[in-house]
Amino acid sequence: MLDLMDALRRMMTIRAYEETLVALHGEGRAAGTCTAVGQEASAVGVVSALTPDDLILTNHRSAGHLIARGADPARLMAEVMGKRDGYCGGMSGSLHISAKDLGVVLTSTIVGGELGLCTGVALSQTMLKRPGIVTCFFGDGAAAEGRFHESLNLAAVWSLPILYVCENNEWQAFVHRRETMLGDSIAGRAAGYGIEGVTVDGNDVEAVHAAATQAAERIRRTGRPVLLETRSYRLRGHYEPDDQSYVDAAELAAWKARDPIPLLAARMTAAGLLDDAALGRLKDEVAAALEAAVGFADASPYPDAAALTAHVYA
Amino acid sequence: MLDLMDALRRMMTIRAYEETLVALHGEGRAAGTCTAVGQEASAVGVVSALTPDDLILTNHRSAGHLIARGADPARLMAEVMGKRDGYCGGMSGSLHISAKDLGVVLTSTIVGGELGLCTGVALSQTMLKRPGIVTCFFGDGAAAEGRFHESLNLAAVWSLPILYVCENNEWQAFVHRRETMLGDSIAGRAAGYGIEGVTVDGNDVEAVHAAATQAAERIRRTGRPVLLETRSYRLRGHYEPDDQSYVDAAELAAWKARDPIPLLAARMTAAGLLDDAALGRLKDEVAAALEAAVGFADASPYPDAAALTAHVYA
Amino acid sequence: MNEITARQITTSDAIGEALAEEMRRDDRVLVFGEGVATKRIDLLAAFGPQRVRNTPLAEGIIAGTAAGAAATGLRPVVDLLFAPFLCYAMDEIVNSAGKLRTLSGGQFAFPMVVLAQTGSGWGVGAQHNHNIEAWFVHSPGLKVAMPSTPADAKGLLKAAIRDDNPVLLFTDLGLAFAPGPVGASWDEEHIVPLGKAAVRREGRDVTLISYAKTVHTCLAAAEDLAGQGVSAEVIDLRSLKPLDEAAILASVRRTGRAIVVHEAGGPCGMGAEVAAVIAEKAFAALRAPVIRLTGPDAPAPASFPLEQAFAPNADAITAAALRACREPLPA
Amino acid sequence: MNEITARQITTSDAIGEALAEEMRRDDRVLVFGEGVATKRIDLLAAFGPQRVRNTPLAEGIIAGTAAGAAATGLRPVVDLLFAPFLCYAMDEIVNSAGKLRTLSGGQFAFPMVVLAQTGSGWGVGAQHNHNIEAWFVHSPGLKVAMPSTPADAKGLLKAAIRDDNPVLLFTDLGLAFAPGPVGASWDEEHIVPLGKAAVRREGRDVTLISYAKTVHTCLAAAEDLAGQGVSAEVIDLRSLKPLDEAAILASVRRTGRAIVVHEAGGPCGMGAEVAAVIAEKAFAALRAPVIRLTGPDAPAPASFPLEQAFAPNADAITAAALRACREPLPA
Ligand SMILES: Cc1ncc(C[n+]2csc(CCOP(=O)(O)OP(=O)(O)O)c2C)c(N)n1
Ligand SMILES: Cc1ncc(C[n+]2csc(CCOP(=O)(O)OP(=O)(O)O)c2C)c(N)n1
Ligand SMILES: [Mg+2]
Ligand SMILES: [Mg+2]
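Next comes the structure, spelled out in C-alpha cells:
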C-alpha cells in the first residue's frame, strides 16, 4: 500500500526542488537543467514500488527519480552547481547524477545510454545472485533509439530482471512525440519481444504505484523483463530557459489541469486524509528544506583543479 | 504472373554460381564467400515482383539478389576475385557488390547497414518524384540490430516506399536464430511501428512472388512501407570454408528435403511444364554459362595500384 | 570583406544564413535532425516541411538516411546536435559515407554535411562536450572543418554543402553566440574553401597553430608576446581535413618554431598530426621542439571553474612560446 | 622464456588460453559475443553457458551490457569480431565506459575487455578491415593494445582482464594463424603489462617504431639495413595507450633518428602521436626528420594485389631509413 502522505511530500519536494533550480537559474546562480515538472507521480509511483535492494538507472531528467529514492535535495543542488558536496563531487553537474549509495547507478545523459547499460547491471544481479531487480527509466524519445530494441530483445532472450519504465511525456526536447512515430503506444512494442507491456496514467500516483508493484512482483517471480509506459506530460520546457513557444497552448492547458500534485491532494482531502492546515504545514516543511538546500549548495566549495584528471582511470 | 521457367533458370544459375565459387575456393582460386544455397526462391520470388524502376539494397549474401536482377555471373565472379571487370572494378570483392546500372545500390556488409541506408534512398525517390520503390534485403540477424528499429520507425512515420524483406534463414553466422530472440516472428514486429508485416514460405518461389507482388502493389498505392519475412534456411555454412559442425543434422536434413529448386522443378513437371530433357538442357545451359564466367573472371586483370586511392573522394 | 562596416552576427545565425542561401540556390539541399524544424522555424517557413524536417530521436538512422539520400540525388545537411551523439552514427558516417564510394569502385558519391557542436562554455559535461574531430580526420573519405568565427562558419558550411563528399562541420559551443563580422547576407558567394587555413596574425619568431575557440586564445597570447618582444604568427586551420600543410610549413620554415594548440585531448589529436607534419617536412628549419598544448586527456567537466581550466589558456601559450624562443633546448 | 623449447601456438589459440586461465582464476570473468559460444566450444564446455554466451547480432548492446556488468561486479570480455563493427558500439565504449567513472566522481570502474580483429591478410575489405585503434587512444579513460606475437596477445589479454579499466585489444588478421612461441600453458603468470614496449632488435643508427603486423616488416627492413651497414633498432609498442614514451625517447635519444610505421592511415594516427612526442621531447637529439610510413588514407581494398600493396613494406622502410641517415636534410 502506498503511503499517500509520504508520496505527496516527495512529489511536493521534487516540484519545489525543480522550481527552486529554475529560480536560481533565473538569477544566474545555477546552470540550466531539465525539469520533470508534471511528471512527479511517475517517479514517486514507480520508485515507491521498489525495495532497497533494487537498482535504478535514469537519465538527464533524473531529479524526480533521485528524490523519490531518498536523495538529499541539498546534495543534488550542490551537484547541479558543480560543487564538491554533490553526489558526484561536482563532476557530473545536472545531467548525469549517479548516487550509488542509493542504488541509482550509471546515469547517462546520452538518450538511450541507460537502455544500453541496464542489461549489464541486471546480468550482474543474476550472475552474482544478488537480490533486487533493475529499474530503467527512459523517455518516449529514447524509445526511438536502436538501443531500445537491442536492450529489450536481449533482456527478453537472456531473461533479465528489468523493469523498463518509459516515461512518455509527449515531448522529445523540441519535437512532439506524434512527429516521431505512428500510433500512440510504446508499451505495445513489448509484444514483439515476447514480453509484457503495460500502460498507466502517469499522473495518478496510486495507479502508477499499483502497476509498478504488479510489474516488479512479476519480474521477481519470473525473472523476465516488463515494459511499463507511464503517460504524462512535460509541463515546462526541455531545459531552462525555454519559452515553450512551440507548444500547443490547449494541449498544455489540458495537462496542467491534470497536474498530479493537486490531483493527489484533492483525492486525499476528499478521503479526509488531508486538510488545508496539514497541506500548509507540508508546504512550509518542503520550503524550509529547500531553503536549507540552497544554503548548503551555495556554501559548498568547488572541486579543485586536481579533480579534472583524478578519476579518469581506476 | 511469374514465369516459372525463367524463375527456375535464375534459381539454377544462382545455385550453380555459388557452387562454382565454392569449388574455386576449394582450389584456392577464389576467396571464401557467403553463399545463400537454399534461399534462391526468396531472391527470385521477390526480385521478379519488382519493376526496372525499383531499387534494391542488399548485403553480404547478395549473389541471389544480383543474379535474380539480371547480373552477369561473369562480372560477379570477376568482382569476387577482385578483378577489374567486376561490377565494382574489383574494389569490393565478394562482400559489398553494388551494381548501380541494375538498380542494386549501396550494398553494405555491415549487418544493418542496408537498413540504415534504405530510408535515404526512398527519401530521394519520393522527393525527386522518381517512380520505383526501394527493396531492402536483410537477414534475421540484422533484425536484432538497433538500425532495424530506427529504420522501420522512420519509414513508417515519414511514409517511405520501402519493401523490407527479412530473409530469415535461421542462422546468424554461427548463432542459431532461436538463441537471439523469443518467439519465431520478425514480421510480427511490424505492428509496433504501425505498418503491415507478412510472412511467407521462403522456399516456395510462387508464394514469395505472390506475397512480394501484393506488398509492392500496396507500397506503390499507399507510399507506406511493408515488412515481408521469407522463412527459409541456410543450407551451407556462413562462409566458405565452414564444416557446419555446429548445425543440427536433423534440422538441416529436413530443410534439405525442402530444397526450393527440386521443389519448383517437381511442381513444373507435375504441371507438364517441364520434363527431364528440358531440365537437362537447362542444366547444360547454366553449366556452360558458368564455365564461361570462370574463364572471363580468370582472364580479367587485377586493378593497378592507382586504384587504391582513385575513388576515396569525388 | 570590410570588417568595420560588416554586419555582426553569431555563428548560430551564420549557419542559418548559409542553409537558407544554399537551399534557395539548390532544390536538392534539405536539412533534418532532432528539432531542426522547431528551432529553424524561418527555414521551415521558407522551404516547407519536405526540406526542413524534425526526426525521431535516432542519430544512426538520421545519418544513414542522409548517406542514402546523398548517394541517390539529394544533398542533405543533418544536425546531430552535440559531437558525442555522433557515437551513435559512426557506422553511417565512417563505414557507409566514408567507404562505399571506394568499395563500389566509384559508383556513388556522398554530398552530405553533418553538423555538431562541442567544446567548453556551457557546462554541459563530457557527454555533450567532447572534441572528437580527430576521429574523422583519421577516417578515409571524409572532410572535417571547425571554424573560429561566424564568417568562417557561414563560408565553410556553404562550401561543405557544395562539396560532393561527406563533410563534418563542428562548431564550438563557446563561440556559438559570440557575434562577429559577416558580409552582406545576400552575398551568396561568401565561400570559405575547404582546405585553406587563415593567417590571423603575422609574426616572425614563432608560429601558433590552432582552430576553433583556441585561435582566440592564441591571438591573446600573441598580444602578450608582442609586449615581451616576441613576434608570434597565428594560423587558424579552419579545415582539419584536407589540412593546409602548405600554410603551416611556409610559416614554420620562416619562424623555425611551432606551438600547436587545441581544446581536444592530446593523444592522436590534431596537434599530433600538425606536429608530425612539421617534424617531417620542416625539420631543417626547426630551431626548437614542436610544443603541443591541448586539453587534458580526460572527460570534459561540467563544474564552472574546472571547465574554465580545461582548454589551454593564453598564459600557458605565452610561456610555451617563450620557452621555444630560448633555443637551443637541452634534450 | 626460452624461445627454443617453447610451444608454438597461434594468436587465436593464445587468446583462448588467456581466456581459459583467467576464467579459471576469477569467477567474475565471463565472455560473450556473436558466436563466441559456438567458436570457443572448449570454453563453453569448461565454464558453462552462463559464462560463455552467444548474443543477438547487436554490437551496441553487447558493449553496453559489458559496461553495465563491469560497473556492478563482473569482469566481462566481449568479442566484437572486426574493428569496423565497433562503429555500432562507440557510445557504450567511449561515452559510457570511458567517461562515467569521471562523471560520477569515481563511483564506478569498468573492468572490461573489448576484442576485435583488423588488418590486411584476409581480403575482406574496408568494412571488416579498418585500423581504428587511434580513435580509442584519442578517447579518455580507455586503454588500447595491439600485439605482434601470440605470446604478447596472451600476456596482454591476461593483463587487460586483470585491469580495472576498459581495455581494447585489437589483433591483426594477418597474424591470427601465424604460430609463435608461447610459454607453458599452465604458466598463469605470463602477463605482458599494459604500457610497456619491447625492443625487438637493438641498433645504433635509427629507431624503427611500430606495432602489430608491421613490426615484422620493420625487422625485415632492419635485416636489409644491417647488410647495408646501418644498425636499426626496432621497437614494438604493444600498448598504444598507455604509451611507453620512455622506451621511445631512450632509443631515439641514442640513435637520433626515428621512423614510425603502421598499417593504419596517417592523419591523426598512432604515428602522428609518436612523431609528436619525439619532436617535442627528443628534439635536441634528432639528427633527421621523423618519418612516418603508414597505410594510405583510403579504405582497405579486398583485391589481393591491392591488399598486398596496402601496408608499408620492408623496401619502403629501408629506403626511409637510408634517407634519414643521409643527414643533414634540406628543408
Ligand atoms: C543520443 C542523444 N541524442 C540527443 C540528445 C539531446 N537530448 C537530450 S534530452 C532529449 C529529448 C529526450 O526525449 P525523451 O527521451 O522523450 O526524454 P524526455 O526529455 O522527454 O524526458 C534530447 C534530444 C542526447 N542527450 N543524446
Ligand atoms: C555489424 C556487423 N556485425 C557482425 C558482422 C559479421 N557477420 C557477417 S554476416 C553475419 C550474420 C548475419 O546474419 P543475418 O543477418 O541473419 O544474415 P545471413 O548471413 O543469415 O543472411 C555476421 C554476424 C557484420 N558483418 N556486421
Ligand atoms: Mg519525452
Ligand atoms: Mg540469417
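Chains W, C, R and A, in that order, give the protein sequences. Using the numbering used here, the first residue of the first sequence is number 218, and each one after it goes up by one. Using the numbering used here, the first residue of the second sequence is number 218, and each one after it goes up by one. Using the numbering used here, the first residue of the third sequence is number 7, and each one after it goes up by one. Using the numbering used here, the first residue of the fourth sequence is number 7, and each one after it goes up by one. Glycine residues also receive a C-beta, built at the ideal position from the N, C-alpha and C atoms.
query	result
Counting contacts by CB-CB distance shorter than 7 Å, is residue 331 of chain R in contact with chain A?	no
Relative to chain C, which residues along the stretch 99 to 114 of chain R have a C-beta separation below 7 Å, given in chain order?	101, 102, 106, 107, 108, 109, 110, 111, 112, 113 and 114
For residue 189 of chain R, which option in R:146, R:161 and R:245 has the closest C-alpha, if you only look at C-alpha atoms?	R:161
Which residues are close to ligand 3, meaning CB closer than 6 Å to any heavy atom, in chain order?	W:356, W:357, W:358, W:386, W:388 and W:389
Rounded to the nearest angstrom, how far is the Cβ of residue 338 of chain C from that of residue 322 of chain C, given a contact under 8 Å?	6 Å
Quick one: is residue 554 of chain C buried, meaning 16 or more other Cβ sit within 10 Å of its Cβ, or exposed?	As displayed, chain C neither begins before 218 nor continues past 531, which places residue 554 of chain C out of reach and without an answer.
Less than 6 Å separating the Cβ of residue 326 of chain C from some heavy atom of ligand 1?	no
Run the proximity test for residue 91 of chain R: is its beta-carbon closer than 6 Å to any non-hydrogen atom belonging to ligand 1?	yes
Which full runs of the alpha helix (DSSP H) of 4+ residues lie inside the stretch 391 to 456 of chain W, going along the chain?	422 to 439
Is the CB-CB distance between residue 261 of chain C and residue 227 of chain C below 7 Å?	yes
For residue 322 of chain R, which of R:96, R:214 and R:192 has the nearest alpha-carbon?	R:214
When every heavy atom of ligand 1 is checked, does at least one fall within less than 6 Å of the C-beta of residue 46 of chain R?	no
Since residue 139 of chain R is in the alpha helix (DSSP H), which residue starts that stretch and which ends it?	139 to 143
Tell me, please, whether the CB atom of residue 262 of chain A is closer than 7 Å to any CB atom in chain R?	no
Among the residues of its own chain, which have a CB less than 7 Å from the CB of residue 465 of chain C, if the five just before and after it don't count?	none
Under a Cβ-count criterion, where at least 16 other Cβ atoms within 10 Å of its own Cβ denotes burial, should residue 471 of chain W be classed as buried or exposed?	exposed
Quick one, are the C-beta atoms of residue 324 of chain A and residue 269 of chain A less than 7 Å apart?	no
Shorter than 6 Å, the distance from the beta carbon of residue 323 of chain C to the closest heavy atom of ligand 2, or not?	no
Enumerate in chain order the residues of its own chain whose CB-to-CB distance from residue 408 of chain C is below 7 Å, with the five nearest sequence positions on each side excluded.	414
Secondary structure at residue 149 of chain A, three-state DSSP: helix, strand or coil?	strand
Taking Cβ positions, are residue 299 of chain W and residue 26 of chain R nearer each other than 7 Å?	no
Quick check on residue 30 of chain A: does DSSP put it in helix, strand or coil?	helix
Starting from residue 378 of chain C and walking both ways along the beta strand (DSSP E), at which residues does that stretch end?	Per DSSP, residue 378 of chain C belongs to no beta strand (DSSP E) and is neither H nor E.
Distance, Cα to Cα, residue 494 of chain W vs residue 487 of chain W?	15 Å
Using a Cβ-Cβ cutoff of 7 Å, what residues of the stretch 284 to 304 of chain C are near chain R? List them in chain order.	none
Determine contact between the stretch 141 to 150 of chain A and the stretch 99 to 112 of chain A, defined as no fewer than three beta-carbon pairs at a distance below 8 Å.	yes
Under the assumption that residue 120 of chain A contacts residue 81 of chain A (Cβ atoms under 8 Å), give the Cβ distance between them as a whole number of angstroms.	About 13 Å; that fails the 8 Å criterion.
Relative to the C-alpha of residue 475 of chain C, which residue among C:357, C:451, C:397 and C:326 is closest?	C:451
Any beta carbon of chain A sitting closer than 7 Å to that of residue 346 of chain W?	no
Residue 186 of chain R by DSSP, collapsed to three states: which one?	strand
May I ask whether a heavy atom of ligand 2 can be found less than 6 Å away from the beta carbon of residue 168 of chain R?	no
Please check if any C-beta of chain R sits within less than 7 Å of the C-beta of residue 363 of chain W.	yes
Rounded to a whole number of angstroms, what is the C-alpha to C-alpha distance between residue 313 of chain A and residue 184 of chain A?	18 Å
Any heavy atom of ligand 2 closer than 6 Å to the Cβ of residue 277 of chain C?	yes
So, is the C-beta of residue 333 of chain C closer than 7 Å to a C-beta in chain R?	yes
I'd like the list of long-range same chain contacts for residue 459 of chain W, defined as Cβ closer than 8 Å, with 5 residues on each side in sequence excluded.	453
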